[in-house]
Each structure stands twice: as C-alpha cells, then as structure tokens.
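Protein chains in written order, with the working numbering: chain A, 7 to 131; chain B, 139 to 497; chain C, 373 to 939; chain D, 183 to 567. Cβ coordinates follow ideal geometry from the N, Cα and C atoms, glycine included.
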Amino acid sequence: MAGSNHSDHPPFNHPAPLPLLIGVFLALVFLTILTLVTSNIELAQFAFAIAMLIATAKAALVCAFFMHMFWDKGFNILFFLSSTLFVSLFIGVTLLDTGAYKESIDVFPRAAEPAKAAAPESPAE
Amino acid sequence: MAVADPDNILEHDDHHHDPFIAHHFESAEQQFDSGKLGIWIFLVTEVLFFSGLFVAYTLYRIHHPEIFQQAHHFLDKNLGAMNTIVLLFSSLTMALGVHAAQNGDNKKCGIYTLITMVCAAMFLGVKAVEYSHKWDLGIFVRSTFDYAEHHPEGISPYLIKLSVIPALLLVGFIGASVFSKMTEKDLLAKFFGGMAVTVGGYFLGALVGLGFMALTAGGDAHASHEVAASPLVLQAMSIDEDEKHDEHSHEEGDHDHAGDDHAHDDHSHDGDHGHAAHGAAKEPMHRDVGTFFSIYYCMTGLHAIHIIAGIIALAWVFWRCLALHWRPDYFGPVDYVGLYWHLVDLIWIYLFPLLYLID
Amino acid sequence: MASAEIRNKIFDTPSVNYLNHQKGWKSWAFTLDHKRIGIMYLIGVTAALLLAGVFALVLRSHLFSYQGAMLSDEMYNQMFTLHGAIMVFSFIIPSVPAALGNIVLPMMLGAKDVAFPRMNLASFYLWIIGTGCLFAAILSGRGLDTGWTFYTPYSIDTSSAVIFATFGAFVLGFSSIFTGLNFLVTINTMRAPGQTWFKLPLFLWSLYATSIIQVLATPVLGITLLLLIAERTMHIGIFDPTYGGDPVLFQHFFWFYSHPAVYIMILPAMGIISELISVYSQKRIFGYSFIAFSSVAIALLGFLVWGHHMFTSGQSPVVTLIFSAITFTVAIPSAVKVFNWLATLYKGSILLNTPMCYALSFIFLFGIGGLTGLFLGTLSVDIHLHDTYFVVAHFHFVMVGGTLTAFLGGLFHWWPKIFGRMYNDLMGRVGCFLVFAGFNLTFFPQFVMGSRGMPRRYASYDPEFQIFHQWSTVGAFVLGIGIVVSFVVLAYAAFRGPRCGSNPFRAASLEWQTSSPPDFHNFIHKPIMTDPYDFDSQVYDETLDTYIPRELADPAKVPPRKTPAHH
Amino acid sequence: MNWFPPTLIAQTNEEISKIVSGMNNDTSVPAHAIERPDGTAGWYSSEYWFPEAASDFAPNVDWLYMYIFWISLVFFAAIVGAMVYFCIKYRRKDGNLDTEPSPSHNTNLEIAWSVGPSILLVVMFWYGAEGFFNMRIPRADSEEIQVTASRWNWKFTYPDGDSSSELHLVNGRPTKLVMQSTDVLHSMYIAAFRQKVDIVPGRYTYAYLTPNKEGEFRLACTEYCGQKHSKMRTMVTVHASDERRKEDTQWIEAEYPAWQNGERIYKINCSGCHNKTAEAGTGPGFGNLWGKGEESLHGGGSVKVDEQYIYDSIMEPGKHIVAGYGPVSKMNSFKGKLTQADVNQVIAFLKYLDDPESVSDKPEGEVEKEEDEKPTEAEAENTST
C-alpha cells in the first residue's frame, strides 16, 4: 500500500511499512515483559544495568522506527542525540562533585524537622 | 548570478495560493523540513527539561540506595508494566496514524488518533488509581510523608477528587456532541463525540487499575505494601537501619570536635527514629524515604502533564482529520505531534524501570 | 540589464513599507511580521533597561555613604535583586537576539520571515508575561530579596514574593527558547539560494551558536525553577537542607543554565562587532572561519565551566580543578576573536562614526572584562576575589561594556535600515563617549575595592572603601546620561531624522539589498547573493545616492572591480 | 616584583621557609616577603591592590595576582595600542572607501595567537591550582575551632569549650575551622588571610589557615544571607601566643558579672535580630523590654514580662508572638543550644539594659564564692564556739 502510491508522494514523504511498525510494537511488548521477568530474578548488581540496557533497546526501537529516525535527515538525528550528551555531562559532573562531599553531609547531625502539620503550608505566601 | 529583470520582481499578492503553505516558505518541502527540525529541537529541550529530574534521581539513588530499596516496595510493578504497554500501544497507533496521514487517508488517521487519545487517557486513569492509593497510605512528598500501615477500604476519596474534572469533561463533551448533532453540525458532533470517548478512556483506565489491584492483592492485603509488610523484608530493613545508624554514630565520633556540644546533643535527641510512633514491631522506615517519593511525584507528575498536553495536541490533529486537511504533501502537524507523543513514551520507557524495578 | 526604473522600485524609499502598510494598534499587537515583533521587543527591552538602570542609580546613590545613604537594608536587598533579575532575564538575554536579531536575521538570509512567525509572536508575549511577573513581585509589596540567583535555602525561607518571580523567570526562559528554536530552524532551512554556511554573515553564526545554548540550557533553568517552587510550597527535600536536601545541588542546577546564559548574552554582541568592524573599515573580515568556529567553540565550552561560579561553595576540590582548567580554554576563542578584529582594521578605511565608536569601545571594555576573567579563573586568586566587587566589576565589564555597547552599536548600525532615517552622528558620538567614560568611571574603582576585600551585596561597608564608591556613583550617573542621550538620538532619528538610502554604509550583507525601511515582505526583488564581506560588490549609484549591487547598477557607470569577487 | 612565587623562593631560602610554613612562633615581627608600606604603594605593586597579608598563603595569592595583572596589562596595552594606531593611520580620508589589499586570513598567524597565550594560561592555572590546594590541605597539629554561622551572628567555639563572637587566633599556629550554618548559606571571608569558604547548612565545611602576623583583621560574610547580610561582620584577632590569647581575652565566665556573660551570649545568638536599644530590628528591640512590665501579643492579649516569659521566648519562640511580628514566628528555638544558666545570664543582661544599677557587678565566680564561703565561716564559728 505504501509502495503502490509512493510515486505520487513528494520527496519528503516516507511512510514506514506497516508490518514493520507492528513488528516493532511486538518487540517492545516482548522487551517490557522481559524486563519485568528479569527484575524478579536475583541478579544482584547486574539488575540495574540489564534494566537500563533493555530500556535503551526499547528507546532505540521507538526512535528508529516510530519516530522515523531511520529515514530522517542526519542533522536532525545528530541534534537530537546530542541532547543525551549534555544530559550525561550534567549528571556526570554533578555526581562526581556531590559524591566527593557526600561524607560531610552524612556526618552532619541533622536538626529536628518542623512539625508535619505545618509543612504543607508555603512559608508566608 | 541572478540578473535583475522584471521577472525577478516578486509579486507577493499572487504568491500564496495554497492555504497550507505559509507565505514565507518557498515550497511544501521547505515548510515540512522547517517544522521537522523545529520539533526535533523542541524534543531536545524536552529531554533537557526532564534531565534535571534524572539528575536528582541519580544522585539520591547512588548516595542513598537504602531509601530506594525501601521505597520501591510501595510501587506495583505489574501495574506499571501494564501502563507501559498501554503507552507503547498508543505509540503504535500514533505511528499508524502518521502513516495514514502520509497517504492522505484522513479517516484512518482520525481513528488511529482517537485510539491514541483513549490510550493516553487510560494511562492517566491507571496513574490516578496509583496516586490515590499512595495518598491513602500517607505516602506524600518528603515533608508530609507520613506512612501509616492500614488497609483503606472502598474507593479512595482522593480518587474521587481526581475524577471530578474528567467527569465534568465527560458530561460536557457528551452534551456538546448531542447539541451539535441536533444543530446539524456533524463535524463538531463527531469531534465532541471523540473527545467524550477519550475522557471515557480515563474511567476505563481507573476501573482497570482498581480491578488489577484487587486481583493481584488476592483479597484483603494490598499488593503494594504486602511485600513491605512481610516479616522478612522488615527484618532486612531493620538490619539496614541499624547498620547505618552504627556507622553513622561511629563517623560522628570521629568528627565530633571538642567543644561542639550542641551538635552532639542534637544527634542524641533526634535520631533516625522519626517514625518510631508507628510501633516497635514495625521497624521505622528510613526518614528520607519521602525523598524518593518527592522525586517519584515530580517525575511522574511532569510526565502526566506532558500526557495531558499531548492529548490536547492530539485533539487538534483529530479535528483536522475530521476536516480532511491531510494530504501526501501536507501531513507535517500529524508527524510533529506524533514525534512529541513518541518522546512522552520514550521518557516513560526510562521512568518505568527507574522507578518501579529497583532491586 | 536593470533599468533605472526597476532600480528605483527596488531601492528607493517606498511609500508603503512594513511600518505603515497597516495601521492601528491591532496591526501591531497581532502582527506576525518579524520586523514589527522586533520593534516591539526593542521597545520592551529598552523599557526594562531603563527601569533596571534606575534601580542601579538608586543603589549607587545609596552607596555614596558608607553607612548607606537612603535605603533600609531590606530595600537595598530588594533593589539589587530586581536590578539583577530584570537586567539579566528581561534585558540582556533578549536584547540582541530577540530585538535586533529578530529584525535583521531573516533579511540577512534573504527570507521573508522567520520559520515560525506565530511562535515568534508568542515569544514576545511570553516576554511580556514573564516581565509582568517580575513586576508583580515588586507591586505585591513584598518585593524579591533573594538575589537574581535564587540560591536555596534562602529562597525557600524568605517571605518575599519568590514564587511570582521564579514563575516570571520560568516564562522568560520559554520566551528565550522559542526565539532560539526559531532562529536555529530559520538559519538551517531558509537561507537564500547559494548562501552556504560560509557565506553567512558572522552575526548569524553568533546567533546560531547563541540559539544552540538557548535550546540546550534554558530548559534546565525551567526545571530548576519548578523544583524550587515545589520545594518552597511542598518541601520536597531535594534542595532544602531541613529535609535532607542539598543546597549546593541547586547551585549546580542553576549554573548549568546560567553559565551558558552568560554566553547567550555576549556571543550575539561579538557577532555585531564582527559586522561593524568590517563594514566601517571596508575590509573583508580577517579569519572568517576562525571567528565563526570560535563562536561555536565558546557555545559548547560554555557548558563545561559552570562550576567556576562555585569555587568557594563547598564543591569538591577535584571538580573545582577540572572547572578551572576548562575555564581557561574559553579564554582562547575569545582572544582569537579580538585579534581577528584588530587584524581586520589593518589597512582598512576606518570611519569613526557612532557605530564604529561603539565597536571600538567594545574592544576596549570587553578586553578588560575578558582579561579580568583570568584572575577569577585562577583558583587561589579567585578564593580571595570571589563574591567581592571584583566579580561585580568583571561581569559588568562583559555585560554592560560588552553586550550593552554592542547592542547600542548595532542599533546605530541598523537604525537607518529599520526606519529609513539617519541619526545625528555627532550627538551619537557624544552619547558613546559619555557611555564609555561613565562606564569606566563606574566600574574601574570596583576592581580596586574588590581586590581590597569589599564584599558584594553589602548595604553598608567599611569607611575605607567610601572614596571608591563615590567615584563609582558619579560614574554611574554619567553612564546613565550617556545611555539616555543615545536613546534620545535614536528616537529623534526614527521620527525626524533625514531620509537615507537603502545602503548608506556600503555594507554587503543581504539586508542592505532592499529599501530602507524594507517592504512588508522584506524584498521585492530576489536579493543577489554576494559574499557578505566583499564590499567591492556594492557600487555607488548617484541617482539613488546609495550603494547597490554591481549586477543591478547601470553598466555604463560600473567601476572595475578592485578585488577578485571570490577570495 | 618577584618572578617566582614566594614558595618557590622559599625552597632556596631557609629563613623565609620558616615563616611561610607558619611554624615560627617566636617571630614577633612577621617578616614575609611582601611588607605593606603604609599605603604608600603605587598601583603597580600588590600593596596597592590588596589588604595587608597576614596568612602563610597570602603572599602566593598576591604574587599570582600581580603575575596575571602584568600579563593582562601587556596584552591590553598591545590590543588597545594597535587599535588606536590603526584607527589613526587608516582613518577614512576624504570619503575614500578604497582599501589597500591585504590578506584576509593567515592560518599560521591564527595558530600562533591561539597557542601562544595558551602557554601563559597554563602557568596561571598551574600556580592557581597549587595555591588552592595549599589552602585546602589540612596542616598537621591544627587547632580546631568550631564556627557556627547564623543570621547574622558568628560564634567561634574553641577546643576548651569557650566561645566568642570574634575569632581569636594564635600567630603561626595552623588552624582548622570546622564550619556549620544553622539557617542559610553564609561564607566566611578573611581578606587579610585571602581565605574564603562557604558555610552550607546541612553539612560541615572546612577552612584551613595559618596566620603569620599579629593584629586585628576583618572577617565578613560574603554569601548573601538576607536582610542584615552587610552587618554580618566581625573581627579576627591574632595573638602572639596561646598565653597571650588567654590573657587578652579572659573568656573564663566566672571572671565576669552575669550580665556581661549575658551580653556575650546576646552578641553570639541574638544581636542579628534584636537591637540593644528599643528600636525594632527583625525582632523586638531589647532596650526597654524588662522595664515594660507587659508585652502585647499578636492576635490580642498580653503577657507579663518576667523570667518565665523570657525563658519561653527563647525555648519556644512560637508560644508568645509579639504584636506586629506574626503570624508565624521566624525565630528558631534555642532548645538544646542554650542552658538554663545561659538564659539566666541573658535575663541579667536584659535587666542591665533596663537599669544598670539593678544588677550585680560582681563576677559570677565571686558571688558564688561568697555564698560558698559564708557557710564555711559559719562552720568555723560553730567549731570555734
């Protein structure tokens, strides 16, 4: 169907093949169930890595096919993916720093907190 | 090199004959490319907008793994997985909708858009059930976190409060649809009918969520904190807690500088036993468990706001489907809204394992 | 080729132009024309500048005496906060991109408008709403006393109108994102045929780099301010130490945006200077690609140095070291730009009119601002200078001496294009001199004070600093008069100035290839793609009394080329 | 101007090494490399730009500052000089727009002026980082002083448990300041020591310093902390020796009358918000408080000003809120921070403010001693009879 009237389409129109879209969806459901199953197995320190790996695989599928990145202009892809670079920079440096002074927070004796009832009010707003 | 001749004098008045190509673009392709780049850049800003919350999440998870361990027992991962699949399905229908629009098939596009909206509303319905259940248990943000072990009966008053606006919208849309039908505005009638169905999706989601919880809880106990309440886990928690406390006081000793009596006093008065009031049998939760829920509410709340914004954008697309606007050379807005919708899905793909699957 | 008739049609001052083709306030309020939106922005940011400038004068008058001359401590704190917040969020960030850039950018590309005109208008109204919220903070009677940085936990604790103001800054952030997004797309997809990336005027390169920062950094400000509002209303425990939060984390969040934001402020200014220097010395810009890439380099490096605002904050030493090292690398692309500007002047035909005077002032003042940055990037010296008047002087040299001078220079440069009328050059230069002299008098003593240990944000101070403060106060008034003179000259020119031709300065970028003021659609003739720094491509036309492209000129009168067309 | 930082010279110069390492307690006259000659220094020397240097790393900072200063000055002079020269030489004459041909790019030149200055920058970075780590590295045998910053007071607690509102240090003794804040961000800045560290609520931060000059220096808060930020200043006194410090300060409480001890507590804890006069600050003034008899309260009613009222107001600030200050008390409770004895001393101070004649001027210790002695006399009498 997509192929049949493709010739009528302007050059910027790239409909994705339907079976591919449905296949991608099934793969996504499979991965969701997989991540749920693996989370029930004791995998100790790998659990987080595996969950993130599966999430990234799912994200890649969504990006590539649902979001048509597979057919998109290189510049758009580059720009979008560069955002992850900045996010990791943000997370990485902040983590590096807070990790270094975490101890000085942990040893600090924390004062009593204000009563719970008073807390939800905004201060003098 | 262009040469000046009378032909090169641009006559602007005759220029825009096509209502779907803005006057300042040379061609449909230029317009489409601009929109596409624009929406990708917008998605970049969205990613960075969420990044702040991911930073907060990562920091608190790495620095305080114990509070995340304790906290995640309150989240039902099966319900979360179900919601994930609902959202993935909505992404599929969105992609199909874009496909239909690219072929100029407005009717199919409309149907797919409608399904997408219904799924989005369902997602919100399930989320409302999850939220209200937590609020019943006193699970709020950090400062008001006041978890009390009890088994709320019946439908949560919070859920009813949350459902007031959808209920009003439902009634309003049905009324508007019927009124439009009577005044023979068929397009409007269809549009409002579609919106009513969408809002119906919210209630469907809420029902599914409630049913799901009742099923998995297997009777009286609530799944979400049954795990937390099992003796084994509690024991583990208490060990955690004691260890932390010991280590804490030990370090305190090292850093307890002579002359700093006040600091010392503070510590012995206010230990980590903020929740001791809940009974000795139940070892207190870490006082910072509320921080996890602060982050949880910020992340899922912001995501929910994006879903609501998505529904509004989709409603606009739906309206234009009914007005038969899409053509093979003009389907950009469907594509752009679709990309936004996939991003909302993408963020949930990460939120789900980060919040629900902690072990 | 082109007949005199066609030339007149293209270049002569049209009776119908974008300023008068529609009338009535609605034709302005709902316009989608980038030039009109730019003018509304211009009026808006100028109002913000003058208001925040009045705050500055009040502050300076207060500091005339070491005990504080006229304000209570509380008033002083509110005054410096609002001065900072309005200057930063409502004036400097939108000044060059949203006001000047909006008017000039599409014309430089030979386009009819920006890619998303509705979003452009929305950006302006968001600016109005955001600035309105900042004003609401003043009018609510509680003011705002957190400093423009909103540091926690003070911003959680204070009773002033923090939520109003943070919401305002949040909205202004979105206004800024919309402008940036629009510019990125416009430059990417709407360049004139034949206008390759390396035929873009350098102003557009700098706006492009600025826009990248705007879309990447501003969302982080958005989420930071939302979290701050959540923290203040609900105490979510992320930044609030009472609930186990970390105030230093807030600083990381804030500066992840606000350091790149410093480059949002200065990069477009550098772009203007590149244009002015080459046009008024009629010399091809030296090292085009180095200037272009240095803009992008500054934009990207700008994301790696935010921690240098936190050297004393309790940040870990290792991170401090890394940030200090990267901070020095930003100095290099900035220095490259300055050297290239100087090299452009070499063997030029330098016209010392008002815009050029501003451009030269920029090099002088930005030179001081940039070089004093070295003191602050050096760790051990910064420990001493941090949060003193040295820092105050440093960033004013960059933001006022840099951005404001470039903004004024840019206004004088493009004013004839925008309104089709010429300003009084002598008065313009008088204004420039007052700005330059007043500025130096205001901020130079602050370097001395800061080095001697005068802390910033102090409502009263030790008597030994009084003499420096008094010089500074006198200077501030001179600076204020200079700015007012400049705006009066411009405003008078806009309404009463003598008519001028389409290209009075013999500039070669595309915006000069249309009448002054331009047609509603910018060009009634497809502009002829020339190199923006090939001034020989423009020749003088006596009948029009202006410069027009060689290709359109009367072939009988075209002088031979002196330089090869493609260099 | 020295071409090398003082520490580098110090490695070859035993005498200066002693002084810079800060261990030379006997030196009565601090003799570090740069001496400030009574404000007569010209703008070209660091004495013009800096307050006097009184810590071991101050000379390094000053040296590095001047190093950057001279480099910047040379570059700035070159840039402005070239600019002015070009503007005069190549100014537009008779409206002639023609320019002499000259190259519009030169990659070698670009690389030269990118890489050349970078080398100077590396030097700045290197010495800056070195100096920074000197400021951050704990010195052996440091005396630990606790610093508690609160709006808008400083409290310094010494190893023997005494505390004061000014900082008293010993010349040449390495000191570690362990700092905490009770409310918002503050920053401790001692210009003469070139040391500045933020004080962050919810954690400890540390500052290290070794004073090497006797005298009085200014200490200021440099992180904006609210209304009276600019009043949050105090003095640092560097004493010749530990003994001298004891003699000069005489902090032992018993040697003062109760009201003076109360004044000291007031200075550390209350003066940020409560004035000594009747004038209202952030909180009510203390000037006429005791003599008032009654205080009218927020929301109507009044309370008798007596010992119980003062105690309640300190320990439970929300209990009685004075009219004009409601509805929520902004004051923090001093429960656990002040003892009953401390409160009594504050009450004595309040009484003194109201009427200096009404309170005893005898040092507390003596009063107690008299009381102690009386029974002994009586006992003596008993035994004698």
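Asked, Found
"Residue 256 (chain B): CB within 7 Å of a non-hydrogen atom of the ligand COA", "Looking at this structure, you won't find the ligand COA or any other ligand, since it has none at all."
"Element boundaries [beta strand (DSSP E), containing residue 403 (chain D)]", "397 to 403"
"Interfacial residues, the segment 58 to 72 of chain A to chain B, with Cβ spacing under 8 Å", "58, 60, 61, 64, 65, 68, 69, 71, 72"
"Span of the alpha helix (DSSP H), counted from its first residue to its last, around residue 377 (chain C)", "376 to 383"
"With 16 other Cβ atoms within 10 Å as the buried cut-off, status of residue 174 (chain B)", "buried"
"Integer Cβ distance of residue 369 (chain D) from residue 379 (chain D), believed to fall under 8 Å", "7 Å"
"CB contact below 8 Å: residue 688 (chain C) versus chain A", "yes"
"Distance between residue 236 (chain B) and residue 480 (chain B) (C-alpha atoms, nearest Å)", "12 Å"
"Collapsed DSSP secondary structure at residue 843 (chain C) in the structure displayed", "helix"
"Residue 394 (chain D) burial status per 10 Å Cβ neighbour count (16 or more: buried)", "buried"
"Proximal residues of chain B, C-beta to C-beta of residue 591 (chain C) below 9 Å", "182, 183, 184, 185, 186, 187, 188, 189, 190"
"Ordered list of alpha helix (DSSP H) runs contained in the segment 426 to 494 of chain C, each at least 4 residues", "445 to 457, 474 to 480"
"C-beta neighbour in chain A for residue 467 (chain B), strict 8 Å", "yes"
"Cβ-Cβ distance between residue 829 (chain C) and residue 452 (chain C) below 8 Å", "yes"
"Given residue 510 (chain D) as reference, the closest of D:500, D:518, D:517, D:516 once Cα atoms are compared", "D:500"
"Presumed contact (8 Å Cβ cut-off) between residue 262 (chain B) and residue 340 (chain B), rounded CB distance", "6 Å"
"With 16 other Cβ atoms within 10 Å as the buried cut-off, status of residue 289 (chain D)", "exposed"
"Three-pair Cβ contact test at 8 Å for the segment 653 to 663 of chain C versus the segment 595 to 604 of chain C", "no"
"7 Å Cβ cut-off: residues of chain A touching residue 483 (chain B)", "68"
"Length of the line joining the Cα atoms of residue 459 (chain D) and residue 423 (chain C)", "38 Å"
"Test: residue 508 (chain D) CB closer than 8 Å to a CB of chain G", "Going by chain labels, chain G is absent from the structure shown, which instead holds the protein chains A, B, C and D."
"Residue 156 (chain B) versus residue 163 (chain B): straight-line alpha-carbon distance, rounded", "11 Å"
"Endpoints, alpha helix (DSSP H) assigned at residue 389 (chain D)", "Unbroken run through residue 389 (chain D) is the beta strand (DSSP E), 387 to 391; no alpha helix (DSSP H)."
"Local Cβ density within 10 Å of residue 281 (chain D), reported as buried at 16 or more and exposed below that", "buried"
"Of the listed residues D:457, D:472, D:518, D:474, nearest to residue 466 (chain D) (C-alpha basis)", "D:457"
"Cβ shell of residue 333 (chain C) (< 7 Å), same chain only, five flanking positions each side left out", "Residue 333 (chain C) cannot be examined here, being either before or after the span of chain C that is shown, 373 to 939."
"Exposure label - residue 396 (chain D); buried when at least 16 CB within 10 Å", "buried"
"CB contact check: residue 209 (chain D) to chain A, cutoff 8 Å", "Residue placement at residue 209 (chain D) cannot be trusted, given a pLDDT of 35 that sits under 50; the coordinates are not used to answer."
"N- and C-terminal bounds of the beta strand (DSSP E) containing residue 335 (chain D)", "335 to 339"
"Segment contact flag, the segment 96 to 114 of chain A with the segment 69 to 87 of chain A, C-beta cutoff 8 Å, min 3 pairs", "no"
"8 Å Cβ cutoff, residue 903 (chain C) in contact with chain D", "no"
"Those runs of the beta strand (DSSP E) which lie wholly inside the segment 415 to 492 of chain D and span at least 3 residues", "415 to 421, 476 to 478, 484 to 486"
"Min CB distance residue 835 (chain C) to chain D below 8 Å", "no"
"Residues within the segment 387 to 414 of chain D neighbouring chain A, beta-carbon criterion of under 9 Å", "387, 388"
"Top-ranked residue by Cα proximity to residue 278 (chain D), from C:762, C:863, C:915, C:911", "C:911"
"Listed by chain order, chain B residues near residue 465 (chain C) by CB distance under 8 Å", "Within 8 Å Cβ-Cβ: nothing; residue 465 (chain C) doesn't reach chain B, min ~16 Å."
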